[in-house]
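As structure tokens, this is what we get:
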């Protein structure tokens with residue numbers, strides 16, 4: 008964790024230095040404006056740390072305000088730096104072949120425009136939640152069943168009452184038989200969001216609600232996160248399974264590997280767990296990360312996962328697709 012923090016702040020700080028240099032060059036900033044912008048960038052670099060500290064101290068207004076500004080800025084910065092660096096490479100190539108030097112300010116304004124446009128679109132997509140429907144046929148099930156999956160809600164500083172109510176309304180419209188959460192239900196200080204659990208608890212289902220842990224359950228405080236999840240009406244499947252005889256459906260769930268980093272070892276492996284389920288049943292595996300364990304191949308019928316956010320911010324969508332192979336949708 009310490010290594011991750013050091014690497015993150017080194018890279019994030021470096022991105023800010025690069026952005027400050029490009030901004031100063033393009034806009035011909037005065038020393039005063041450069042210093043002012045530099046101070047703002049120092050604050051933004053430290054924002055992720057300051058947000059957590061403010062939240063732990065109970066300074067919710069400070070934490071929420073800083074989260075909105077800090078995380079929005081982070082998204083804009085990532086995209087801006089990516090396109091600026093790409094523009095710099097292209098600028099060198101153009102010079103090598105044509106001896107023409109593209110002005111730095113052109114690259115700056117084009118990169119800034121693309122970043123603002125993509126982030127505006129991203130905000131629109133985030134606000135306008137969509138329901139994706141997929142139909143799967145299997146002779147293993149006794150009768151049709153509607154399963155609604157939610158994942159990576161990150162209930163906390165930013166995702167609070169209004170957004171959670173919107174999600175709950177969409178779920179209720181589906182009239183699901185089963186509701187599953189594939190991790191990262193909560194974020195930040197889990198003990199400060201317990202009042203929001205009632206919104207999810209009020210969602211009716213026929214056979215129940217089931218959840219597994221994601222990495223953020225451990226970051227937020229495992230016991231508090233589990234308490235919130237249970238108060239929301241979910242049964243948490245931590246390396247165990249549950250069999251629904253009426254459907255001939257087995258729902259198995261495994262902990263996120265982050266548990267190992269907290270000294271929590273599993274008593275049974277994923278593959279061994281799946282080998283112990285009722286034979287002939289349709290096996291639904293709930294697992295936060297969309298990685299298929301080779302030892303588990305052939306032991307389950309459907310795996311539901313989350314974690315990637317489909318990269319969340321471009322260009323990370325490229326990296327998640329390369330690393331996980333399947334970062335969204337169905338394979």
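Residue numbers (the numbering used here): 8 to 338. Ideal Cβ placement from N, Cα and C applies to all residues, glycine included.
Three-way DSSP call (helix, strand, coil) for residue i in this model
i	result
residue 248	strand
residue 154	strand
residue 14	helix
residue 79	helix
residue 235	helix
residue 64	coil
residue 32	helix
Cβ-Cβ separation, residue j to residue i (assumed contact under 8 angstroms), whole Å
i	j	result
residue 215	residue 185	7 angstroms
residue 87	residue 26	6 angstroms
residue 249	residue 288	Rounded, the Cβ-Cβ distance is 11 angstroms, inconsistent with contact.
residue 277	residue 300	5 angstroms
residue 263	residue 220	5 angstroms
residue 193	residue 241	With 8 angstroms as the limit, residue 193 and residue 241 do not qualify as a contact, their Cβ atoms being about 11 angstroms apart.
residue 172	residue 136	Their Cβ separation, rounded to whole angstroms, is 11 angstroms, which puts residue 172 and residue 136 out of contact at 8 angstroms.
residue 169	residue 308	Rounded, the Cβ-Cβ distance is 37 angstroms, inconsistent with contact.
residue 41	residue 31	5 angstroms
residue 217	residue 293	7 angstroms
CB of residue i within 7 angstroms of CB of residue j, strictly
i	j	result
residue 260	residue 227	no
residue 190	residue 295	yes
residue 258	residue 291	yes
residue 115	residue 59	no
residue 101	residue 109	yes
residue 155	residue 183	yes
residue 204	residue 157	no
residue 210	residue 175	yes
residue 98	residue 33	no
residue 208	residue 239	yes
Residue from the options with nearest C-alpha to residue i
i	options	result
residue 268	223, 89, 282 and 243	223
residue 315	262, 238, 252 and 159	159
residue 225	147, 239, 144 and 245	245
residue 212	180, 234 and 291	180
residue 149	183, 254 and 129	254
residue 65	187, 281 and 164	164
residue 13	308, 156 and 55	55
residue 271	174, 162, 206 and 230	230
residue 153	162, 147 and 142	142
residue 306	247, 284, 238 and 205	284
residue 312	302, 297, 304 and 303	297
residue 167	105, 134 and 247	134
Open item on the list: Is it the case that the segment 73-85 contacts the segment 38-56, given that we only count it when at least three CB pairs across the two stretches are under 8 angstroms?
Closed with: Yes: at least three Cβ pairs fall under 8 angstroms.
Open item on the list: Measuring CB atoms only, is the segment 81-100 touching the segment 120-135, in the sense that at least three cross pairs come out at less than 8 angstroms?
Closed with: Contact between the segment 81-100 and the segment 120-135 is present, because at least three Cβ pairs lie under 8 angstroms.
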